[in-house]
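Chemist: Following my numbering, the numbering of the sequence shown begins with 1 at its first residue and continues without gaps. Every residue gets a Cβ at the ideal spot worked out from N, C-alpha and C, and that includes glycine. Pasting in a structure now, in structure tokens, and then I'll have a few things to ask.
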Amino acid sequence: MGRIGVDVGGTFTDLVACDDAGRTLAALKVPTTPDAPARAVLEGPRALGPGRGAIAHGTTIVTNAIVEGRGAVTALITTRGFRDVLEIARQSRADLYRLDTPPKPPPLIPRRLRFEVTERVAADGRVLVPLAEAELPALIEALRAAGVEAVAVCLLHSYAAPGHETRLAEALRGAFPYVSASHEINAEFREYERTATTALNAMVMPLADRYLADLEASLARESAGGPLRLLQSNGAMMSAEAARRRPLAMAVSGPAGGVAASAHLARSLGLRHAIAFDMGGTTTDVCLIADGVAQTLPQRRLGGHPVRFPSVAVESIGAGGGSLIWLDPAGALRVGPRSAGARPGPACYGLGGEAPTVTDAHLVAGRLRPDAILGGSIRVQRALAEAALGPVASRLGLGLAEAAAGALEVADAAMRRAIRLISVQRGFDLREFAL
Numbered sequence: 001m002g003r004i005g006v007d008v009g010g011t012f013t014d015l016v017a018c019d020d021a022g023r024t025l026a027a028l029k030v031p032t033t034p035d036a037p038a039r040a041v042l043e044g045p046r047a048l049g050p051g052r053g054a055i056a057h058g059t060t061i062v063t064n065a066i067v068e069g070r071g072a073v074t075a076l077i078t079t080r081g082f083r084d085v086l087e088i089a090r091q092s093r094a095d096l097y098r099l100d101t102p103p104k105p106p107p108l109i110p111r112r113l114r115f116e117v118t119e120r121v122a123a124d125g126r127v128l129v130p131l132a133e134a135e136l137p138a139l140i141e142a143l144r145a146a147g148v149e150a151v152a153v154c155l156l157h158s159y160a161a162p163g164h165e166t167r168l169a170e171a172l173r174g175a176f177p178y179v180s181a182s183h184e185i186n187a188e189f190r191e192y193e194r195t196a197t198t199a200l201n202a203m204v205m206p207l208a209d210r211y212l213a214d215l216e217a218s219l220a221r222e223s224a225g226g227p228l229r230l231l232q233s234n235g236a237m238m239s240a241e242a243a244r245r246r247p248l249a250m251a252v253s254g255p256a257g258g259v260a261a262s263a264h265l266a267r268s269l270g271l272r273h274a275i276a277f278d279m280g281g282t283t284t285d286v287c288l289i290a291d292g293v294a295q296t297l298p299q300r301r302l303g304g305h306p307v308r309f310p311s312v313a314v315e316s317i318g319a320g321g322g323s324l325i326w327l328d329p330a331g332a333l334r335v336g337p338r339s340a341g342a343r344p345g346p347a348c349y350g351l352g353g354e355a356p357t358v359t360d361a362h363l364v365a366g367r368l369r370p371d372a373i374l375g376g377s378i379r380v381q382r383a384l385a386e387a388a389l390g391p392v393a394s395r396l397g398l399g400l401a402e403a404a405a406g407a408l409e410v411a412d413a414a415m416r417r418a419i420r421l422i423s424v425q426r427g428f429d430l431r432e433f434a435l
């Protein structure tokens, strides 16, 4: 039967069909459809043929929802006296001298949607105050009156004794379809990080459920065959049902797929150490592979909030093929982080884009053939790339070729910094690594 791998990026969706021996049967690249991501995924079974077997899918839908603040209306239920854990957060100051930047992001859940329940468990798991189950009916009614879509449950020290949290989650699941309990998501100490992770997971549960339901229904209509498998942030796989319960585990699944492929390739070539370099349309992702294994992190930040899920140690920069070339107020040449995306895309695609991008600069600099057909369907147009880059070149007092070369050097410098960050600045000798 084989399988189909699908990576939905910010600009393109890549699809590859393999047989059971891992041999590539076909590959396809189509523009991503941000308004309906499942539409691009379906291009694989349509073009590659039905019955190819399981579909392995990485997506940025969860990450985008968190960064853009598009999570569901979510309530938090916690131990009495700990309602403001998300508000207090940590007292670290990442940008101490930036007076124009808030010292920490606003709380994930507003205070009016943070509720308390009487109970208390000690750090060693001893029950100090039994769960006041008589409070639950009134609590459920208050949640309904607040119009919440999802509920996050994070009781103090529930990682040591989840009994109270389990009982509370069971009662809530009888009234609400989306309930996230901290002992099921992150059964570790550190109250703020555990609460934030549980809240983020609850906030994206409705979105992930709708996306997966739509995708599964569409695949069934297309007779695509085998089961749907989702990539996790650490490069492992999980079922669609598991992804519905723990959608936050998919947060960095797109870059994780590229890293897993790079690690496999490095081992196949007998390379002990390598740098995974994945340049897409929106970002460039780099990750260090030591002794054939990709580096991982126990925690990362998304939208300024901590996420305690294991993930590949990817460093992402806003310098991809669709990254915009622009001049800052001082007249300095800049590249990214904003991107032309899938629509309209780079100017040379002829889809309505007018701003110059890295792809346009490559075309003007002669690094892309003027007759190139990208992704098998997009014919680039050098005249459109030159027209887009012209205003930038004029303001810099440079010719088109010089402006293009300058923009590419700026993008390359950002990529070099990212590689140094994950290697040299962490004590690794780059002379021992392959790219």
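Give me, in chain order, the residues of the same chain whose beta-carbon lies closer than 7 Å to that of residue 271; leave out the 5 immediate sequence neighbours on both sides.
Modeler: Within the sequence shown, numbered from 1, the residue matching residue 271 stands at position 271. Within the same chain, residue 271 has close Cβ partners 434.
Chemist: Look at the Cβ atom of residue 249, then the Cβ atom of residue 240, and state whether they are nearer than 9 Å.
Modeler: As a working mapping, residue 249 is identified with position 249 in the sequence shown. As a working mapping, residue 240 is identified with position 240 in the sequence shown. No; because the gap between Cβ atoms is not below 9 Å, this pair is not in contact.
Chemist: Rounded to a whole number of angstroms, what is the C-alpha to C-alpha distance between residue 6 and residue 332?
Modeler: Along the sequence shown, read from residue 1 onward, the residue named residue 6 stands at position 6. Along the sequence shown, read from residue 1 onward, the residue named residue 332 stands at position 332. Their Cα atoms are separated by approximately 38 Å.
Chemist: Quick check: what's the CA-CA separation for residue 290 versus residue 60?
Modeler: Within the sequence shown, residue 290 is the residue found at index 290, counting from 1. Within the sequence shown, residue 60 is the residue found at index 60, counting from 1. When rounded, the distance between both Cα atoms is 26 Å.
Chemist: Which whole-angstrom value describes the C-beta separation of residue 149 and residue 178, a residue pair presumed to lie in contact below a C-beta threshold of 8 Å?
Modeler: Looking up residue 149 in the sequence shown gives position 149. Looking up residue 178 in the sequence shown gives position 178. Right, their Cβ atoms sit about 6 Å apart.
Chemist: Over the uninterrupted alpha helix (DSSP H) stretch that includes residue 68, give me the two end residues.
Modeler: Reading the sequence shown from its first residue, position 68 is the one you call residue 68. Per DSSP, residue 68 belongs to no alpha helix (DSSP H) and is neither H nor E.
Chemist: By the DSSP assignment, the beta strand (DSSP E) with residue 13 in it spans what residues?
Modeler: Counting from one through the sequence shown, the residue named residue 13 turns up at place 13. Start and end: 12 to 18.
Chemist: In this structure, how does DSSP classify residue 155 when only helix, strand and coil are distinguished?
Modeler: Along the sequence shown, one-based indexing puts residue 155 at 155. Residue 155 falls in the coil class under three-state DSSP.
Chemist: Who are the Cβ neighbours of residue 294 in its own chain at under 8 Å, not counting the five residues just before and after it?
Modeler: The residue given as residue 294 occupies position 294 in the sequence shown. Excluding residues up to 5 positions away in sequence, 235, 259, 260, 262, 263, 276, 287, 288, 312 and 313 lie with their Cβ nearer than 8 Å to the Cβ of residue 294 in the same chain.
Chemist: Going by other Cβ atoms of all chains shown within 10 Å of its Cβ, with 16 needed for buried, is residue 24 buried or exposed?
Modeler: As a first step, residue 24 is located in the sequence shown; it is residue number 24 there, counting from the start. Its Cβ having fewer than 16 others within 10 Å, residue 24 is exposed.
Chemist: Leaving aside the five residues before and after residue 75 along the sequence, list all residues of the same chain whose C-beta is less than 8 Å from its C-beta, in chain order.
Modeler: Against the sequence shown, residue 75 aligns to sequence position 75. Excluding sequence neighbours, residue 75 sits near 109, 113, 114, 115, 143, 146, 148, 150, 151 and 152.
Chemist: Which partner residues does residue 518 have in the DSSP bridge list?
Modeler: Absent from the model: residue 518. The displayed extent of the chain is 1 to 435, so no value can be given.
Chemist: Roughly how many angstroms separate the alpha carbons of residue 252 and residue 358, rounded to a whole number?
Modeler: Here residue 252 refers to the residue found at position 252 of the sequence shown. Here residue 358 refers to the residue found at position 358 of the sequence shown. Roughly 24 Å separates the two Cα atoms.
Chemist: If I'm right that residue 255 touches residue 208 with Cβ under 8 Å, what's the distance once you round it to whole angstroms?
Modeler: Within the sequence shown, the letter at position 255 stands for residue 255. Within the sequence shown, the letter at position 208 stands for residue 208. About 18 Å separates the beta carbons of residue 255 and residue 208, which is beyond the 8 Å limit, so they are not a contact pair.
Chemist: Using 9 Å as the threshold, is the C-beta distance between residue 10 and residue 283 below it?
Modeler: For the purposes of this step, residue 10 is taken as the residue at position 10 of the sequence shown. For the purposes of this step, residue 283 is taken as the residue at position 283 of the sequence shown. Yes. Within cutoff.
Chemist: Determine the direct distance from the alpha carbon of residue 402 to that of residue 393, and round the result to whole angstroms.
Modeler: Numbered from 1 along the sequence shown, position 393 holds the residue referred to as residue 393. Numbered from 1 along the sequence shown, position 402 holds the residue referred to as residue 402. Rounded to the nearest angstrom, the two C-alpha atoms are 8 Å apart.
Chemist: Go ahead and label residue 94 buried or exposed: buried means 16 or more other beta carbons lie within 10 angstroms of its beta carbon, across all protein chains shown.
Modeler: Within the sequence shown, the letter at position 94 stands for residue 94. Classification of residue 94: exposed, given that the 10 Å Cβ count is below 16.
Chemist: Considering only C-alpha positions, which residue in the set 117, 20 and 63 is nearest to residue 131?
Modeler: Residue numbering aside, residue 131 sits at position 131 when the sequence shown is read from its first letter. For the residues 117, 20 and 63, the minimum Cα distance to residue 131 belongs to 117.
Chemist: If I follow the unbroken alpha helix (DSSP H) through residue 371, where does it start and stop?
Modeler: In the sequence shown, the residue the question calls residue 371 occupies position 371. Run containing residue 371: none; DSSP gives neither H nor E here.
Chemist: With respect to the beta strand (DSSP E) encompassing residue 178, which residues constitute its N-terminal and C-terminal limits?
Modeler: Position 178 of the sequence shown, counted from the first residue, corresponds to residue 178. Following the DSSP letters along the chain, one finds residue 178 inside the beta strand (DSSP E) bounded by residues 178 to 181.
Chemist: Under a three-way DSSP split, which group does residue 342 fall into?
Modeler: Taking the first residue of the sequence shown as 1, we reach residue 342 at position 342. Here residue 342 sits in coil by DSSP.
Chemist: Does the distance from the CB of residue 413 to the CB of residue 361 come in under 9 Å?
Modeler: Position 413 of the sequence shown, counted from the first residue, corresponds to residue 413. Position 361 of the sequence shown, counted from the first residue, corresponds to residue 361. A distance of 9 Å or more separates the beta carbons of residue 413 and residue 361.
Chemist: Excluding the 5 residues preceding and the 5 following residue 88 in the sequence, name in chain order all residues of the same chain whose CB lies nearer than 8 Å to its CB.
Modeler: Sequence index remark: in the sequence shown, residue 88 carries index 88 (1-based). The residues are 192.
Chemist: Helix, strand or coil for residue 252 per DSSP?
Modeler: Walking along the sequence shown from the start, residue 252 turns up at place 252. DSSP places residue 252 in coil when its eight states are reduced to three.
Chemist: Strictly under 9 Å for the Cβ-Cβ distance: is residue 81 near chain D by that measure?
Modeler: This model lacks chain D altogether; it includes just one protein chain.
Chemist: Work out the CA separation of residue 356 and residue 364 for me, nearest whole Å.
Modeler: The residue labelled residue 364 in the question sits at position 364 within the sequence shown. The residue labelled residue 356 in the question sits at position 356 within the sequence shown. Using only the alpha carbons, I get a separation of about 11 Å.
Chemist: Secondary structure at residue 317, three-state DSSP: helix, strand or coil?
Modeler: Mapped onto the sequence shown, residue 317 falls at position 317. DSSP, read as helix, strand or coil, puts residue 317 in strand.
Chemist: Provide the residue(s) that pair with residue 432 in DSSP beta bridges, ordered along the chain.
Modeler: Counting from 1 along the sequence shown, the entry for residue 432 is found at position 432. In the DSSP output, where bridge partners are listed per residue, residue 432 has none listed.
Chemist: Which residue wins for smallest C-alpha separation from residue 432, given the options 378, 324, 292 and 72?
Modeler: Within the sequence shown, numbered from 1, the residue matching residue 432 stands at position 432. For the residues 378, 324, 292 and 72, the minimum Cα distance to residue 432 belongs to 292.
Chemist: Just to confirm, is the Cβ distance from residue 172 to residue 164 under 9 Å?
Modeler: In the sequence shown, counting from the first residue as 1, residue 172 sits at position 172. In the sequence shown, counting from the first residue as 1, residue 164 sits at position 164. Contact: no.
Chemist: Would you give the residue range spanned by the beta strand (DSSP E) that residue 214 belongs to?
Modeler: As a working note, residue 214 is residue 214 in the sequence shown. It is not in any beta strand (DSSP E) - residue 214 instead sits in the alpha helix (DSSP H) that spans 191 to 221.
Chemist: Please classify residue 195: is it buried, with 16 or more other beta-carbons within 10 angstroms of its beta-carbon, or exposed?
Modeler: As a first step, residue 195 must be located in the sequence shown, where it is residue number 195. Answer is buried; the Cβ neighbour count reaches 16.
Chemist: Assuming residue 302 contacts residue 67 under a Cβ cut-off of 8 Å, what Cβ separation, rounded to an integer in Å, is found between them?
Modeler: Translated into the one-based positions of the sequence shown, residue 302 becomes position 302. Translated into the one-based positions of the sequence shown, residue 67 becomes position 67. Rounded, the Cβ-Cβ distance is 7 Å, consistent with contact.
Chemist: Can you check whether the CB of residue 379 is closer than 9 Å to the CB of residue 372?
Modeler: Mapped onto the sequence shown, residue 372 falls at position 372. Mapped onto the sequence shown, residue 379 falls at position 379. Contact: yes.
Chemist: Give me the Cα-Cα distance between residue 20 and residue 3, rounded to the nearest whole angstrom.
Modeler: Mapped onto the sequence shown, residue 20 falls at position 20. Mapped onto the sequence shown, residue 3 falls at position 3. For residue 20 and residue 3, the distance between alpha carbons rounds to 7 Å.
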